[in-house]
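So the structure is just underneath, and the comments pick up after that.
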Amino acid sequence: MTSDVIRFIHNDKIIEIKDSDPNETVLNYVREKYKKTGTKEGCAEGGCGACTIVVGTLNKNNIDYEAINSCIAFLPMINGKQLILVEDLAKDSKSLHPVQEAMYNFHGSQCGFCTPGFVMSLFAMFKNNYIYDDETIKDSISGNLCRCTGYNPIIKAAKSLNGKNKSDKFFKNKNLTINLLKRINNDNYNIDNNKRKFFSPKNISDLKKILKQYPNSDILNGGTDLSLRVTKERNNLNSIIYLGSIKELKYIKQNERFIEVGASTPLIKFEGIVKKFYPDFYKILKRYGSVQIRNVATISGNIATASPIGDTLPILLSLNANIVISDHKGNKIMPLNGFFINYRKTILKKGQFIKSVQIPFSKNNIFKAYKVSKRIDDDISSICGSFNINIKKNIIKEIFIAYGGMSATPKRALNCEKALLNNDFSKESFILAQKSLEKDFSPIDDVRASANYRKEIAKNLLLKCFLEIKNNKKIEING
Ligand SMILES: Cc1cc2nc3c(=O)[nH]c(=O)nc-3n(C[C@H](O)[C@H](O)[C@H](O)COP(=O)(O)OP(=O)(O)OC[C@H]3O[C@@H](n4cnc5c(N)ncnc54)[C@H](O)[C@@H]3O)c2cc1C
Ligand code: FES
Ligand code: FES
237 MTSDVIRFIH NDKIIEIKDS DPNETVLNYV REKYKKTGTK EGCAEGGCGA
287 CTIVVGTLNK NNIDYEAINS CIAFLPMING KQLILVEDLA KDSKSLHPVQ
337 EAMYNFHGSQ CGFCTPGFVM SLFAMFKNNY IYDDETIKDS ISGNLCRCTG
387 YNPIIKAAKS LNGKNKSDKF FKNKNLTINL LKRINNDNYN IDNNKRKFFS
437 PKNISDLKKI LKQYPNSDIL NGGTDLSLRV TKERNNLNSI IYLGSIKELK
487 YIKQNERFIE VGASTPLIKF EGIVKKFYPD FYKILKRYGS VQIRNVATIS
537 GNIATASPIG DTLPILLSLN ANIVISDHKG NKIMPLNGFF INYRKTILKK
587 GQFIKSVQIP FSKNNIFKAY KVSKRIDDDI SSICGSFNIN IKKNIIKEIF
637 IAYGGMSATP KRALNCEKAL LNNDFSKESF ILAQKSLEKD FSPIDDVRAS
687 ANYRKEIAKN LLLKCFLEIK NNKKIEING
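Letter by letter, the sequence shown follows residues 237 to 715 in this note's numbering.
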């Protein structure tokens, strides 16, 4: 069955929207048509958190609550979900939600512009955790900016939630909400209103058929990159194929050789898995955008952007990741190295999509990766360096090095690798190899960093990698 009506649950009612514009953001819909103006617009690019809402997604017999940036989510993306807005939290006009009460008690708000966004991020934290420690709190609000209160009162408010009774109205109504979500969760969902198309297939087979019929469509995954073409560049996307409803693409599998991540698996699900295999990968993911971004953004989306400063790309290149490319003819596995051909250009042809990413285990190797950005949280890299090394009897037997932010695409440092391969694992070798980076990269000046800074930092990261391995100790500059 295919439906052209967007259905979502709000305040335990099924809301139906017909003939919507697939380029309309949830934020614009909520504020302008739904007339709920508690949710604010700050940046319209996912960076400030003022527009944070929470969506509830059916997960078997449970609901996952996810904070998202409504300014960069298109309305059809909440089809089949529960929409929770800041107006919905209080039980009635006399009793606030525990999160709101905490913000009030700890003076977590001054001008109030950022407050709805903070409240919603803390609400998602409240629903998803039992203990609210410093790390959980700071992670939960890493995508929310406040310019007048400062963060301490907000953090204190969040801490005060420890031990609070969790049975809020969403807990009490959960079974009702689950039943409603089950009622609206089944159909393929397509809009074709002559002006714009939006396809949301439920399985890979339908996806392939739609891609074959509409090969010029834009593939939409988490939308954290694509939607900015509408919200910032003011372009239109006239035909969109959304991968987010395809359960077959949301998985993380593991065998002896690799971890495989399905195309529409959100990064937040992946970060917990990768932690035990590649701690530095995990650390970088924790600094990837914010919780709101990682709740929806995907690795396949990151790869398909081919952004020179995409965080996972140098890491995946140095880990020799493969990608599975798919179309109506079948699947093809290829190394990620070779996928990027120019600035934001890949070898992907029309009608093809990335089905999954396979990340090998390198059990005998040492893996290090570093992200350098202007801000620790919620900032994209200026430079990212990633190193995968096998050392036997103090000789470098295997080495894969890749950098982001150093050229038009993320790239392996082949000259530098050559300079180190089969050489001593020594400071002298690494100092010599630093020179080879000059042959590998001619970076440019831009708003994030100057070319000279990039060259210098790339060399320093190489040395840092050596020193950390040699001394078996992390070098932390930012505390
Ligand atoms: C506030 C903010 C912070 C950010 N911070 C970071 C950061 O710290 N590090 C970082 O690297 N990036 C960051 N980004 C960029 C962005 O979040 C990432 O590139 C993200 O991984 C994109 O994934 P997505 O699923 O949202 O892709 P989408 O936006 O849905 O798609 C991006 C592109 O990939 C294509 N695409 C998506 N999936 C597929 C597929 N399976 N097959 C073929 N094509 C596909 C789309 O057509 C589109 O061209 C940030 C973005 C924002 C808005
Ligand atoms: S308005 Fe700034 S994140 Fe959405
Ligand atoms: S209270 Fe004014 S920006 Fe946060």
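Glycine is no exception: its CB is placed at the ideal position from the N, C-alpha and C atoms.
query, result
"Identify, in the order they occur along the chain, each residue of the same chain with its Cβ nearer than 6 Å to the Cβ of Cys382, setting aside the five sequence neighbours on each side.", "Cys350"
"So, under 8 Å CB-CB, Leu358 and Ala326 are touching, yes? Tell me the CB distance rounded to an integer number of Å.", "Contact doesn't hold; Cβ gap of about 14 Å is too wide."
"Return helix, strand or coil for Ala638, following the three-state DSSP convention.", "strand"
"Any heavy atom of ligand 1 closer than 7 Å to the beta-carbon of Val532?", "yes"
"Excluding the five sequence neighbours on either side, which residues of its own chain have a C-beta within less than 6 Å of the C-beta of Leu552, listed in chain order?", "Leu572"
"Relative to the alpha-carbon of Asn264, which residue among Ile539, Val466, Ser331 and Lys706 has its alpha-carbon at the smallest distance?", "Val466"
"Is DSSP giving Asp563 helix, strand or coil here?", "strand"
"Which residues in the same chain as Ile616 place their Cβ atom closer than 6 Å to its Cβ, once the five residues preceding and following it in sequence are excluded?", "Ile545"
"Looking at the unbroken beta strand (DSSP E) that takes in Pro596, where does it start and where does it end?", "Phe589 to Pro596"
"Helix, strand or coil for Gly715, going by three-state DSSP, please let me know.", "Bear in mind that the predicted position of Gly715 carries a pLDDT of just 42, short of 50, making it unreliable; the figure below should be weighed with that in mind. Coil."
"Span of the alpha helix (DSSP H) holding Arg690?", "Ala687 to Asn707"
"From Asn388 to Val335, what distance separates their C-alpha atoms?", "15 Å"
"Spatial neighbours of Val322 within its chain, please: C-beta separation below 7 Å, excluding the five flanking residues on both sides.", "Gly274, Thr275, Pro352, Val355 and Met356"
"Does the beta-carbon of Ile495 have 16 or more other beta-carbons within 10 angstroms, so that it is buried, or is it exposed?", "buried"
"Closer than 6 Å from C-beta to any heavy atom of ligand 3: which residues, in chain order?", "Ser345, Gln346, Cys347, Gly348, Phe349, Cys350, Thr351, Cys382, Arg383, Cys384 and Thr385"
"From Leu699 to Ala669, what does the alpha carbon distance come to, in whole angstroms?", "9 Å"
"Helix, strand or coil, according to DSSP, for Ile420 in the structure here?", "coil"
"Using the beta carbon as the reference atom, which residues fall closer than 6 Å to any heavy atom of ligand 2, ordered along the chain?", "Glu277, Gly278, Cys279, Ala280, Gly282, Gly283, Cys284, Gly285, Ala286, Cys287, Asn305 and Cys307"
"Can you find the residues in the same chain that come closer than 6 Å, C-beta to C-beta, to Ile251, ignoring five residues on each side of it along the sequence?", "Phe244"
"Given this structure, state the Cα-to-Cα distance separating Ser239 from His246, to the nearest angstrom.", "19 Å"
"Please go through the segment 477 to 544 and give each complete alpha helix (DSSP H) segment of 4 or more residues, from N-terminal end onward.", "503 to 510, 515 to 522, 527 to 530 and 535 to 541"
"According to DSSP, Val262 sits in a beta bridge with which residue or residues?", "Bridge partners of Val262: none, in fact."
"How many angstroms separate the CA atom of Ser500 from the CA atom of Glu664?", "44 Å"
"Consult DSSP for Lys604 and reduce its assignment to one of helix, strand or coil.", "strand"
"Helix, strand or coil: how does DSSP classify Ile446 here?", "helix"
"Determine, using beta carbons only, whether Ile539 and Leu549 come nearer to each other than 8 Å.", "yes"
"Return the Cβ separation of Tyr514 and Phe603 in integer angstroms, given the expectation that the two are a contact with Cβ distance under 8 Å.", "5 Å"
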